[in-house]
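Numbering (the numbering used here), first residue to last: 75 to 172.
Glycine is no exception: its CB is placed at the ideal position from the N, C-alpha and C atoms.
Every value quoted in this text rests on a predicted model; they were computed, and no experiment measured them.
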Amino acid sequence: MIIHVVMIKFKDGVKRDKILEIKKDIEELKLYIPQLKNMEVGLNFAKEDRAMDLVLIASFDSKEDLEIYAKDKTHQKVIEKIKEVASYSKVVDYEKVT
Numbered sequence: 075m076i077i078h079v080v081m082i083k084f085k086d087g088v089k090r091d092k093i094l095e096i097k098k099d100i101e102e103l104k105l106y107i108p109q110l111k112n113m114e115v116g117l118n119f120a121k122e123d124r125a126m127d128l129v130l131i132a133s134f135d136s137k138e139d140l141e142i143y144a145k146d147k148t149h150q151k152v153i154e155k156i157k158e159v160a161s162y163s164k165v166v167d168y169e170k171v172t
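Here it is, written out as structure tokens:
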């Protein structure tokens with residue numbers, strides 16, 4: 075199983091409504107990308123300076139499925155929306171061995 079983790083830090087002043095809209099857009103990717111086996115999206119409540127604002131944890135059966143997800147047009151549209159309001163993001167992809 076492949077695990078894909080993305081953490082996003084939003085620009086100062088981004089309204090909560092916009093953040094919730096992006097969260098919903100990310101969650102709806104499950105409806106369009108069958109290779110996406112499981113997804114969890116959460117908003118941070120920690121007040122630490124080093125804290126990120128949003129986290130996505132997604133799972134795929136294979137690296138190939140992750141590649142399909144990464145190139146998907148609906149996914150790319152969501153990425154463009156995120157880029158408009160994000161300061162930066164961090165990504166980790168790893169293989170979960172059972």
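In or out: Phe-84 buried (at least 16 other Cβ within 10 Å) or exposed? As a first step, residue 84 must be located in the sequence shown, where it is residue number 10. Label assigned to Phe-84: buried.
Return the CA-CA distance between Tyr-162 and Met-126, expressed in angstroms with no decimal places. Taking the first residue of the sequence shown as position 1, residue 162 is located at position 88. Taking the first residue of the sequence shown as position 1, residue 126 is located at position 52. Distance between the alpha carbons of Tyr-162 and Met-126 is about 9 Å.
Val-79 and Ile-142: beta carbons closer than 8 Å? Looking up residue 79 in the sequence shown gives position 5. Looking up residue 142 in the sequence shown gives position 68. For Val-79 and Ile-142, no; Cβs fall outside 8 Å.
Three-state secondary structure (DSSP) of Val-171: Within the sequence shown, numbered from 1, the residue matching residue 171 stands at position 97. Coil.
Return helix, strand or coil for Tyr-162, following the three-state DSSP convention. Along the sequence shown, one-based indexing puts residue 162 at 88. In the three-state reduction of the DSSP assignment, Tyr-162 falls in the strand class.
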